[in-house]
Amino acid sequence: MINRRVSISTRIARIAMLIVGFGFLYVPILGLVVFSFNDSRFPSLPWSGFTLRWYRDFASNPDIVASLVNSLTVAVQVGFFALVLGSLGAYLVARWEFKAMNALLGFWIMPPTVPTLILALALLMYFNQLHITGTLTAVILGHTGLASAFVVAVMRLRFVALDPNLEEASVNLGFSRWATFWRVTAPQIAPGAAASFFIAMAVSWDEFVIAWFLSGFDTTLPVQMFGVLSGYVSPMINAVGTFVFAVTTLLVLAALLILNRPVGGKKPLEVERVHADELSRKEG
Amino acid sequence: MSKEIGVLTATTDAILRKPERKQRDLLLRIALGTPLMVWQTAFFLVPLLLMFAMTVWIVENFTVVPALEWSNWTRTLTDPVFYGALVRTLITATCAAVVGVVIGLPFSFAVVRGLSARAQKVALVFLIVPFFTSYLMRVFSWQFMLADNGVLNVLVSSIGIRGVNLLDTPVALVIGYLTYSFPLICVILILSIKTLDHNLEDAARNLGAGPIRIFFRVVVKGLKPSLIAAVTFAGILAFGDVITPQVLGGGNFIMLGNLVVDTVKGGIDFPRAATIGVAMVVTIMTVTIVSFILAFPPKKSRS
C-alpha cells in the first residue's frame with residue numbers, strides 16, 4: 124500500500140461530498156422523525172414543543188390501526204412463502220449444475236427489475252380475470268414473487284458457502300436426504316434464512332404501488348397513508364411515517380448484520396469471491 | 600468395532616444403490632425447483648403476457664373481452680397526451696439520472712478514497728438501508744422540506760436569502776426521483792471505484808496529464824460500464840415511478856405512470872392502460888439494450 128499525500132483541500136472536498144450525499148438521504152427522514160414530536164399543526168420551524176399527541180392520534184385511529192394489522196399479517200405471510208419457495212429454488216441452483224441453470228436463476232430473480240407499476244398493472248388485469256382483486260390475498264400473491272427474488276439471491280450465496288461434502292458424508296453414512304437436511308444443512312443456513320425472511324418482510328411491509336392496485340377496502344398501511352396524504356394534512360402522518368420507517372429499518376439492519384457474520388468459517392465477502400472464482404473457472 | 604462395520608456397510612450400500620440414488624436426485628431436483636417455477640410463472644410471467652395480450656382486447660358492457668382489435672394502439676399512438684407524457688417522462692427521468700451520477704461520482708470517490716475499509720462497510724449499509732425503506736415516506740418528507748413555508752425556506756430566509764417555492768417544480772421531481780435512485784447509483788459506483796487502479800491516475804499524473812485529462816481518460820474510461828449502468832438503472836427507476844410526480848409534482852406533471860394510474864383508477868379501460876404499460880416496457884427494454892451496447896461495444900473484427 125502506497126501512502127499518498129492528501130492535500131487539505133481534497134480532504135475538505137471529500138468531507139463536504141459525504142455530508143451532501145448522506146445529508147440528502149437522511150435529513151428529510153430526520154425531519155420526519157423530529158416533526159412527529161412537534162407540538163404544532165404545521166410541520167415547520169420554529170420548534171413549538173414536544174408532544175406525543177400525534178402518536179396517540181395514530182394509535183386511536185381505527186382505520187390506520189386496521190391497516191397496520193393488515194400490513195403485518197401480509198408481510199409475515201409473504202415472508203414465509205417467499206422463504207420456502209426461494210430457499211428451495213436457491214438450494215437447487217447452488218447444489219446442482221445443469222445447462223439451464225443461469226436462465227432459471229435469471230427468471231427467478233427478474234421481478235424486482237420490472238418497475239412495480241408495470242407489475243402492479245399486469246397483476247391487476249390478471250387477478251381481475253380470476254376475480255380476486257380487491258383482496259389482501261391478491262396483495263400477498265403479488266408481493267411474494269417480488270420478495271422471493273431477494274430470498275433466492277441471498278440464500279444461493281449461503282448454500283454455495285456450505286461444504287457439500289458434509290451433506291454427501293451424511294448421505295453416505297446412511298442418513299436420508301430428509302434427515303441430512305434437518306441435521307446438517309438447516310442449522311448452518313438458519314441465520315441466512317432469518318435474514319431472508321426479514322428482507323422479504325421488509326419488501327412487503329414497504330411496498331406501495333402493488334398494494335395500492337390490488338387491495339380494496341381492506342388495505343395496507345402505506346396505501347392507507349397515501350389516502351391520508353392526499354386528503355387532509357395532519358402531523359399524525361409524520362408519526363405513522365416514523366413508525367413505518369423504524370420497522371423497515373430494523374428489519375433491513377437486522378438482515379444486514381446477520382449476513383455480515385461469517386458463514387461456514389468464511390467471511391461473507393470471501394464467499395462471494397470464492398463463488399466468483401468458481402464461476403470464472405467454469406466459464407474459462 | 601461394530602460401529603465401524605456399520606459405517607462400512609452403510610457406505611457399501613450407498614455405493615451399490617447409486618443408480619437408484621441418481622434417479623431420486625432427479626426427483627428431488629424437480630421437487631426443489633417446481634414450486635418457485637410455478638409461482639413465478641403464474642404470478643409474474645403469465646400476468647405480463649396477459650398485459651401484452653390485453654392491448655388488443657376490447658371493453659364491452661363494462662367488461663374486458665378477448666378480441667383482436669388494434670384500435671387501442673392506433674388511439675394511443677396518435678394521442679398527443681400520450682406523446683407529451685412520454686417525452687416529459689423520458690426527459691425528467693434522464694435529467695434525474697444524470698444529476699444523480701454527477702453528484703454520486705464525487706460522493707462515491709469520497710467514500711472509497713476518504714474512508715477506511717471499515718467505515719466504507721458502514722457507508723454501504725447506510726446506502727442499502729434507505730434503498731429498501733419507505734420510498735413513499737421519504738418522498739413525503741421532502742414535501743414539507745420544500746414547501747413555501749417549509750424547513751428549507753425558513754432556514755434559507757433566516758440567513759437573509761429570499762426563499763423560493765421548489766414544490767411542484769421540476770427541481771422537486773428530480774429530488775424525489777433521486778430519493779429512490781441515489782443509493783443505488785452510489786452502491787454501483789462505489790463497488791466499481793474499489794476495483795479502479797489508483798496507480799493509473801498517479802502514472803498519468805507523472806507522465807504530465809492534467810486533472811481534467813486524467814478524469815476523462817483514466818477515471819471515466821475505467822468506470823464506463825458502471826457509469827452507464829448507474830445512469831440506466833436510475834433512469835428506469837424514475838421512468839416507472841408514480842409517487843414523486845403525485846406527491847412532489849402536485850399533479851402538474853403528468854408522467855406515463857400517472858397516465859396508467861388515472862386510466863386504471865378511473866374505470867376499467869384495461870386495454871388502454873395495458874397499451875401504455877406495454878409502451879413503457881418497450882421503452883425500458885430499448886434503453887437497456889442501447890446502454891448495454893454502449894457499455895460493452897461489440898469488438899470490431901480487424902483482420
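Protein chains in written order, with the working numbering: chain A, 124 to 407; chain B, 600 to 902. All C-beta atoms in this analysis are idealised placements derived from N, C-alpha and C, irrespective of residue type, glycine included.
Cβ of residue i within 8 Å of any chain A Cβ
{"i": "residue 712/B", "result": "yes"}
{"i": "residue 639/B", "result": "yes"}
{"i": "residue 865/B", "result": "no"}
{"i": "residue 729/B", "result": "yes"}
{"i": "residue 802/B", "result": "no"}
{"i": "residue 741/B", "result": "yes"}
{"i": "residue 661/B", "result": "no"}
Endpoints, the alpha helix (DSSP H) within which residue i is located
{"i": "residue 129/A", "result": "That residue, residue 129/A, is in no alpha helix (DSSP H); it is neither H nor E in DSSP."}
{"i": "residue 372/A", "result": "359 to 382"}
{"i": "residue 180/A", "result": "176 to 182"}
{"i": "residue 305/A", "result": "Where residue 305/A is concerned, there is no enclosing alpha helix (DSSP H), given that its DSSP letter is neither H nor E."}
{"i": "residue 231/A", "result": "224 to 231"}
{"i": "residue 882/B", "result": "869 to 894"}
{"i": "residue 832/B", "result": "820 to 838"}
{"i": "residue 722/B", "result": "716 to 731"}
Limits of the unbroken beta strand (DSSP E) element including residue i
{"i": "residue 659/B", "result": "657 to 659"}
{"i": "residue 664/B", "result": "662 to 664"}
As assigned by DSSP and simplified to three states, the class of residue i
{"i": "residue 237/A", "result": "coil"}
{"i": "residue 708/B", "result": "helix"}
{"i": "residue 781/B", "result": "helix"}
{"i": "residue 798/B", "result": "helix"}
{"i": "residue 857/B", "result": "helix"}
{"i": "residue 600/B", "result": "Any reading at residue 600/B needs caution, since the residue's pLDDT is 47, under 50, leaving its predicted position unreliable; the model's value is listed next. Three-state result, residue 600/B: coil."}
{"i": "residue 288/A", "result": "helix"}
{"i": "residue 273/A", "result": "helix"}
{"i": "residue 173/A", "result": "strand"}
{"i": "residue 851/B", "result": "coil"}
{"i": "residue 161/A", "result": "strand"}
{"i": "residue 190/A", "result": "helix"}
{"i": "residue 755/B", "result": "helix"}
{"i": "residue 679/B", "result": "helix"}
{"i": "residue 266/A", "result": "helix"}
Same chain only: Cβ atoms within 8 Å of residue i, ignoring 5 sequence neighbours per side
{"i": "residue 783/B", "result": "730, 829, 832, 833 and 836"}
{"i": "residue 859/B", "result": "841, 872, 875, 876 and 879"}
{"i": "residue 772/B", "result": "691, 695, 843, 844, 847, 848 and 852"}
{"i": "residue 786/B", "result": "723, 726, 727 and 730"}
Identity of the residue in the options nearest residue i by Cα
{"i": "residue 334/A", "options": "311/A, 348/A and 277/A", "result": "348/A"}
{"i": "residue 377/A", "options": "323/A, 242/A and 183/A", "result": "323/A"}
{"i": "residue 633/B", "options": "194/A, 212/A, 138/A and 151/A", "result": "212/A"}
{"i": "residue 128/A", "options": "623/B, 646/B and 713/B", "result": "713/B"}
{"i": "residue 745/B", "options": "265/A, 299/A, 147/A and 204/A", "result": "147/A"}
{"i": "residue 252/A", "options": "698/B, 646/B and 686/B", "result": "646/B"}
{"i": "residue 791/B", "options": "622/B, 687/B, 662/B and 703/B", "result": "703/B"}
{"i": "residue 824/B", "options": "882/B, 894/B, 809/B and 801/B", "result": "894/B"}
{"i": "residue 325/A", "options": "202/A, 144/A and 180/A", "result": "202/A"}
{"i": "residue 232/A", "options": "657/B, 741/B, 640/B and 868/B", "result": "640/B"}
is_contact[residue i, chain B] using C-beta, thresh 8 Å
{"i": "residue 249/A", "result": "yes"}
{"i": "residue 245/A", "result": "yes"}
{"i": "residue 178/A", "result": "no"}
{"i": "residue 182/A", "result": "no"}
{"i": "residue 271/A", "result": "yes"}
{"i": "residue 141/A", "result": "yes"}
{"i": "residue 174/A", "result": "no"}
{"i": "residue 197/A", "result": "no"}
{"i": "residue 300/A", "result": "yes"}
{"i": "residue 164/A", "result": "no"}
{"i": "residue 342/A", "result": "no"}
Neighbourhood of residue i by C-beta, 6 Å cutoff - its chain only, sequence neighbours within 5 removed
{"i": "residue 793/B", "result": "711"}
{"i": "residue 173/A", "result": "160"}
Beta-carbon proximity list for residue i, same chain, < 7 Å, skipping 5 on both sides
{"i": "residue 209/A", "result": "271, 274, 275, 278 and 319"}
{"i": "residue 234/A", "result": "242, 268, 269 and 272"}
{"i": "residue 738/B", "result": "775, 778, 842, 843, 846 and 847"}
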